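Input: a single structure, listed below in structure tokens.
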Amino acid sequence: MNIERLRPIDEWSWSLPKAPEETRGEVRLYAGRELIEHMDDKVLEQITNVAKLPGLVGAAMTMPDAHWGYGFPIGGVAAFDPEAGGIISAGGVGFDISCGIRCLRTTLAAADIAPVARALADSLFANIPAGVGEEGSLRLAPRELDDVLTGGARWAVGEGYGTEADLEFVEEHGCMAGAKPEHVSDLAKKRQRGEMGTLGSGNHYLEVQVVDRIHDAEAARAFGLAEGQVVVSIHCGSRGLGHQIGTDYLVSLAKGAARLGISLPDRELACAPIRSPEGQQYIGAMNAAMNCALANRQILAELTRRVFRHFFPGASLETLFDVSHNTCKPETHTVNGRPRLLYVHRKGATRAFGPGHPSLPARYRPVGQPVIIGGSMGTGSYVLAGTAESENRAFSSASHGAGRAMSRNQALRHWRGRELIDELAGRGILIRTKSMRGAAEEAPGAYKDVDLVAEATEKAGLARRVAFLRPRLCVKG
DNA sequence: ATGTTC
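In terms of my numbering, the first sequence is residues -4 to 472.
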């Protein structure tokens, strides 16, 4: 992207000075110069389109890891007021509804896992179903699947996956209100019946990591993190169900937009007013998909514990936090000094509530919400904490990952999966996957530099760095 | 992301 097109607000925030007339708010990009210069022009085009949608409040924004997506950029944040004709867009949530990361802190040290690393990697690979269309050991009857869609992680705990103690540390306490299974198609439900407790493919993973560096001692203490400690991060979402809901509702939201005379700057931005039948049906289905994803990560956390228990009977794996990064949620935000209920789209962006937010567990309330930036395969991830400034800057949002720097097809031309895996093994990082193609697509070089993303996230005031996690073992979808 | 192009 030609940075000359942007006006610097400061070193880490940029605004589009000559936005088209139809925009209803500022177009703002959060990132450092280097990240902006390497960003696809499509990011600016797409977020400018988002700024044209009805009922936008404040700025349409991108996070430092932003890249080209379907309609909305991935790393896009935009809030809409339902009382001002505000819209909901399936492209603003993403196909993998409620994709997110569950982070578990363990009582193990790096030295504990070193002697069994290969066996542990093999056992995780054998017991965590991963890959396209891969099914798990659960087969749910239609009524049971409806219970998943209304119960979320709470349902999974009731089925013996994990404990009540996990739920305090899951967004929405594990259960998103307002789920309407009746607005989820039979096809979406059918696709999901065998896919609960599966990781999926693409950028999804289960990683065993070691805390490599502490940036903020006070927050690390609150999060229960210390240097040398083993943690496990699980990145996955709502699998076939969320994808099918996205596909179904692109059609019905486009009809809603046409029916109500909303002109779409891009057909990929199919949307309908929040206060419309089409909008309400999508919201009900999206909330159901959110519960599907929360239940899925709850099951996977328990499957992980069972594997660890076999190797380390005395170890415990507690949920540090579970946060989604493909959502649209109703939240109260202060705009010009006045609290307003807004629907905040975060597509490839993490909610990042600051210190004192009432929805946070008491343990974290003094330091802010844990924010997880999942790195690319073999590079590293960050745990951050929400800040007070993020509320004014980005409706309390932050980055979600390293962010792609190259398309999957481009990556396939540059790398071979087997060579990458061997090279990573040489550096002590064990990858387990069924798909060599997938591994090539996920080459670390096809992603942005996660250190730059985390630095920009902090410097832009979106969240502050707490700990850097270095990968050891990785099960890839 | 995705029964990886209805």
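We put the beta carbon where it would ideally sit given N, CA and C, even for glycine.
Predicted, not measured: the structure shown is a model, and the values here were computed from it.
(message) Looking at the strands, I want to know which residues DSSP matches up with residue 321.
(response) 342
(message) Within a Cβ cutoff of 7 Å, which residues of the same chain sit near residue 465, ignoring the five residues on either side of it in sequence?
(response) 204, 205, 207, 375
(request) Helix, strand or coil for residue 150, going by three-state DSSP, please let me know. (result) helix
(request) Answer yes if the segment 436 to 454 comes into contact with the segment 22 to 41, meaning at least three C-beta pairs across the two stretches below 8 Å, and no otherwise. (result) yes
(message) Can you list, in chain order, the residues of its chain with a C-beta nearer than 6 Å to that of residue 129? Leave out the 5 residues immediately preceding and following it.
(response) 193
(message) Quick check: the Cα distance between residue 79 and residue 51, rounded to an integer number of angstroms?
(response) 8 Å
(message) Helix, strand or coil for residue 62? Go by DSSP, reduced to three states.
(response) strand
(message) Whether or not the segment 322 to 337 and the segment 67 to 86 are in contact is what I'm after, with contact meaning three or more pairs of Cβ atoms, one per stretch, closer than 8 Å; do they touch?
(response) yes
(message) Please report the straight-line C-alpha distance between residue 95 and residue 18, rounded to a whole angstrom.
(response) 30 Å
(request) Mind listing, in chain order, the continuous alpha helix (DSSP H) runs of no fewer than 4 residues lying wholly within the segment 170 to 219? (result) 181 to 187, 212 to 218
(request) Assign residue 16 to one of two classes, buried (16 or more other C-beta atoms within 10 Å of its C-beta) or exposed (fewer than that). (result) exposed
(request) Below 8 Å on the Cβ atoms is my guess for residue 92 versus residue 241; work out the distance and round it to an integer in Å. (result) 7 Å
(message) Short of 6 Å in beta carbon distance, which residues of its chain neighbour residue 247, apart from the five on each side in sequence? Order them along the chain.
(response) 273
(request) Identify every run of the alpha helix (DSSP H) within the segment 357 to 427, keeping only runs that are complete inside it and at least 4 residues long; order them along the chain. (result) 384 to 389, 403 to 409, 412 to 421
(message) Quick check on residue 16: does DSSP put it in helix, strand or coil?
(response) coil
(request) Give the DSSP-derived three-state secondary structure of residue 505 in the structure shown. (result) Residue 505 lies beyond the stretch modelled for the chain, which goes from -4 to 472, so this question has no answer here.
(message) Here's a check: name, in chain order, each residue in its chain whose Cβ is nearer than 7 Å to the Cβ of residue 191, leaving out the five neighbours to either side.
(response) 131, 133, 135, 143, 290, 291, 294
(request) Rounded to whole angstroms, what's the CA-CA distance from residue 49 to residue 252? Just pull it up for me. (result) 11 Å
(request) On the DSSP bridge assignment, give the partners of residue 9 in chain order. (result) 3, 24
(request) Spatial neighbours of residue 475 within its chain, please: CB distance less than 8 Å, with the 5 preceding and 5 following residues excluded, ordered by chain position. (result) With the chain covering only -4 through 472, there is no way to say anything about residue 475.
(message) Is the beta carbon of residue 287 closer than 7 Å to that of residue 83?
(response) no
(message) So, under 8 Å CB-CB, residue 364 and residue 380 are touching, yes? Tell me the CB distance rounded to an integer number of Å.
(response) 7 Å
(message) Quick check on residue 299: does DSSP put it in helix, strand or coil?
(response) helix
(request) Could you please give the first and the last residue of the uninterrupted beta strand (DSSP E) stretch that includes residue 84? (result) 82 to 84
(message) Tell me the rounded alpha-carbon separation between residue 175 and residue 183.
(response) 13 Å
(message) Classify residue 68: buried if its beta carbon has 16 or more other beta carbons within 10 angstroms, exposed otherwise.
(response) buried
(request) Can you give me the Cβ contacts of residue 160 inside the same chain, cut-off strictly under 7 Å, excluding the 5 residues immediately before and after it? (result) none
(request) In the DSSP assignment, find the alpha helix (DSSP H) that holds residue 42 and state where it starts and stops. (result) 36 to 45
(request) Report, in whole angstroms, the separation of the C-beta atoms of residue 209 and residue 215, which I expect to be a contact under 8 Å. (result) 5 Å
(message) Going by DSSP in three states, residue 456 sits in which element: helix, strand or coil?
(response) coil
(request) Round the Cβ separation of residue 458 and residue 220 to the nearest angstrom and send it over; I've been treating them as touching at under 8 Å. (result) Not really, about 15 Å apart at Cβ, beyond 8 Å.
(request) Identify every run of the beta strand (DSSP E) within the segment 258 to 311, keeping only runs that are complete inside it and at least 3 residues long; order them along the chain. (result) 266 to 268
(message) Please state the DSSP three-state secondary structure of residue 163.
(response) coil
(message) Excluding the 5 residues flanking residue 88 on each side, which residues of the same chain have their C-beta closer than 7 Å to its C-beta?
(response) 281, 321, 322, 323, 340, 342
(request) State the start and end residues of the unbroken beta strand (DSSP E) segment that holds residue 103. (result) 95 to 104
(message) So, for residue 168: in the same chain, excluding its five sequence neighbours on each side, which residues have a beta-carbon less than 7 Å away from its beta-carbon?
(response) 162
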